[in-house]
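What follows is the structure in structure tokens.
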């Protein structure tokens, strides 16, 4: 469009973020990712791989290894072997690694943000301004834990090998929440990212190698539900940390009952958003936008129920409808969009079914 | 509610909508107003990160900003020469070769208006002869407004008689601080009457109003009393236009539109010096009020140094190189 035309229409136009660096990372691994076990990339003993798709473009980004029971066993063994020296390294020694990881995440923040957006479909604005800056802060924060452990948390000790299973809605942020505190306190980890969103975890594995993290302290195994089940059921795993669906959470609770394994579960929700009549309704609308459309609404604490005092209900609904007209939907790498892509067709179908149910 | 008012014919500003004639004072319209400051600040903070305007789009948007600019000089040392220079810039805000390179040569780009003190109106009138660029004059004891109402009205009348097509009035802040909304309404309505066909922009001086709730109420009162524009600041307060206060005021404009059908304009003024700031304001207007508020009849920047920075950005767009700011004529 010519400048003269734009001068009339005043459209935003395209504002694409470059994906050069992330494409280079994928190519460097020949678009085929192995398992990160004991500080090395190793082929899955199953010999099987699955596709990682960009939900925004439906482009196949890479193939990712499917870990089976043997691979999980190898990873847990590596983590177990790494445990003693990692504990003996002490809080100060571990803090140095965590600080180094945090710095590398900041240094590569744009690559992480772009790759996350490509892999998950969420807007680049969110990964750039929210996900990845928070990831770096979590590593810095928990580096501080490690550093102060001897004086401030001296009664605490490591649990052992931690099995960590994370969801697809905030892939890197969930990884940070799980890995950073575990490493700080002297544990070693085997982490399984969600099958839809493995790529940033694999980039993170590269970072671990770069900072010289001792082999086996962090192991990344990719795969589907059966990979997770093998991890949950492994006898040498001392704790399972899981974020994901309530359904799978229940399965894990049953599986670990009586085994002595510790467990932490972060599951789904249906959070109410409550509006009273004396509220600033225009601000309420923005609160609702953040509550339910942030990350395409794929948030465990999304404000998915709206409860409005009757005296202002119609007025508020009108404002929400008007605001929805200005939400921009588009390619996740466009800097001017509010809503990207739903993570996978199966998830989209779930949403469409729920909408149908609501209409009916 | 109130419709079928005739469009003012003599107004120089292009009017595509009914001029706000005001409505009778209605206390119930402001009683329920309640502004959540932290929520407003949060929304304003992300306004510029949620949208991005690049390349030819950015150039077009910056040109639009120029067309919406009240090119201003309001200083004790203003002279005839100053004003001539300002008007020359208002007529040709962007170098011809740059406009040509952008395919904008025949658009007739000028600033939205020239804004001066009353004393300087004759010089501006002389310099702008033969153009459609309106002269805006600040009035009513600008910037503090600490003179009596009869003097305020007299000042408006004199400026209109001298040739000002737009009058930027300041309100008595005391009335806002004391919540004398009826008194504020009467003052502004009297000013509006004195303006006649000249368009009236009402400056709230938001930097001297302690809460957003009061800013919102004052905005609503100013619109009820018949303001054509509501404006943030004189440029002389310690805090002038900000994005959060803009959000508060434009939401009231939307509210008033829904109540009455009248479209009231918005003018942020003071402290908007960078092209990037201008883009953020345009983005906010587009998001909150829509395209109608991206035209000079409903949106103006009050600015003096902004034009220089915009011209630098446009030169960069055309040539790929930045020039030093001193290479551009002062606005």
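Protein chains in written order, with the numbering used here: chain A, 2 to 361; chain B, -15 to 315.
In this text, a Cβ means the ideal position worked out from N, Cα and C, and glycines have one as well.
Here the structure is a predicted model, which is why all the values come from computation and not from measurement.
| Check | Outcome |
| --- | --- |
| Along the stretch 243 to 265 of chain A, what residues have a CB closer than 8 Å to any CB found in chain B? | none |
| Would you say residue 263 of chain B lies against chain D (beta-carbon separation less than 8 Å)? | The question asks about chain D, but that chain is absent: this structure's protein chains are A and B. |
| When you check each C-beta in the stretch 0 to 21 of chain B against every C-beta of chain A, which residues fall closer than 7 Å? | 18, 19 and 20 |
| So, for residue 278 of chain B: in the same chain, excluding its five sequence neighbours on each side, which residues have a beta-carbon less than 8 Å away from its beta-carbon? | 48, 52, 266, 269 and 270 |
| If you scan the stretch 56 to 84 of chain A from start to end, which runs of the beta strand (DSSP E) of 3 or more residues do you find wholly inside it? | 61 to 66 |
| Does any residue of chain B bring its CB to less than 8 Å from the CB of residue 126 of chain A? | yes |
| Can you find a CB in chain B that lies within less than 8 Å of the CB of residue 8 of chain A? | yes |
| Which residue marks the beginning of the beta strand (DSSP E) containing residue 249 of chain B, and which one marks its end? | 249 to 251 |
| Beta-carbon within less than 6 Å of residue 346 of chain B's beta-carbon, same chain only, minus the 5 sequence neighbours each way: which residues are those? | Since the displayed chain B opens at -15 and closes at 315, residue 346 of chain B lies outside it and no answer follows. |
| Starting from the beta carbon of residue 5 of chain A, find every residue of chain B whose beta carbon is closer than 7 Å, and list them in chain order. | 87, 88 and 91 |
| Check each residue of the stretch 158 to 183 of chain B: if its Cβ is closer than 8 Å to any Cβ of chain A, include it; give the result in chain order. | none |
| Between the alpha carbons of residue 83 of chain B and residue 301 of chain A, how many angstroms are there, rounded? | 52 Å |
| Is residue 24 of chain A helix, strand or coil when you go by DSSP? | helix |
| Please say whether residue 217 of chain A and residue 188 of chain A have beta carbons closer to each other than 8 Å? | no |
| Identify, in the order they occur along the chain, each residue of the same chain with its Cβ nearer than 7 Å to the Cβ of residue 227 of chain B, setting aside the five sequence neighbours on each side. | 28, 31, 264 and 268 |
| Report the three-state DSSP secondary structure of residue 124 of chain A (helix, strand or coil). | coil |
| Under the assumption that residue 213 of chain B contacts residue 250 of chain B (Cβ atoms under 8 Å), give the Cβ distance between them as a whole number of angstroms. | 6 Å |
| Count the other CB atoms within 10 Å of the CB of residue 325 of chain A; is the residue buried (16 or more) or exposed (fewer)? | exposed |
| Taking the alpha-carbon positions, what's the residue 79 of chain A to residue 27 of chain A distance? | 26 Å |
| Beta carbon of residue 187 of chain B, beta carbon of residue 218 of chain B: below 8 Å? | yes |
| Check this for me: beta carbons of residue 235 of chain A and residue 74 of chain A, under 8 Å apart or not? | yes |
| What beta strand (DSSP E) runs, 3 residues minimum, are completely inside the stretch 89 to 171 of chain B? | 97 to 100, 119 to 123 and 150 to 154 |
| Please list the partners that residue 284 of chain A has in chain B, where partner means a Cβ-to-Cβ separation under 8 Å. | 19, 20, 23, 24 and 27 |
| Would you call the stretch 8 to 24 of chain B in contact with the stretch 280 to 295 of chain A, where contact means no fewer than 3 C-beta pairs closer than 8 Å? | yes |
| Find out if the Cβ-Cβ distance for the pair residue 131 of chain B, residue 160 of chain B is shorter than 8 Å. | no |
| Would you kindly check if the distance between the Cβ of residue 321 of chain A and the Cβ of residue 330 of chain A is under 8 Å? | no |
| Can you tell me where the beta strand (DSSP E) with residue 1 of chain B in it begins and where it stops? | Taken as a continuous stretch (DSSP letters only), residue 1 of chain B belongs to no beta strand (DSSP E), as it is neither H nor E. |
| Alpha helix (DSSP H) containing residue 146 of chain A: first to last residue? | 133 to 153 |
| Rounded to the nearest angstrom, what separates residue 292 of chain A and residue 274 of chain A at their Cα positions? | 8 Å |
| On the DSSP bridge assignment, give the partners of residue 306 of chain A in chain order. | A:273 |
| Tell me the DSSP secondary structure of residue 278 of chain A in three-state form. | coil |
| What is the residue span of the beta strand (DSSP E) that residue 183 of chain B lies within? | 183 to 187 |
| Secondary structure at residue 215 of chain A, three-state DSSP: helix, strand or coil? | coil |
| Taking all protein chains shown into account, do 16 or more other C-beta atoms lie within 10 angstroms of the C-beta of residue 139 of chain A, making it buried, or fewer, making it exposed? | buried |
| Check whether the Cβ of residue 11 of chain A lies closer than 8 Å to any Cβ atom in chain B. | yes |
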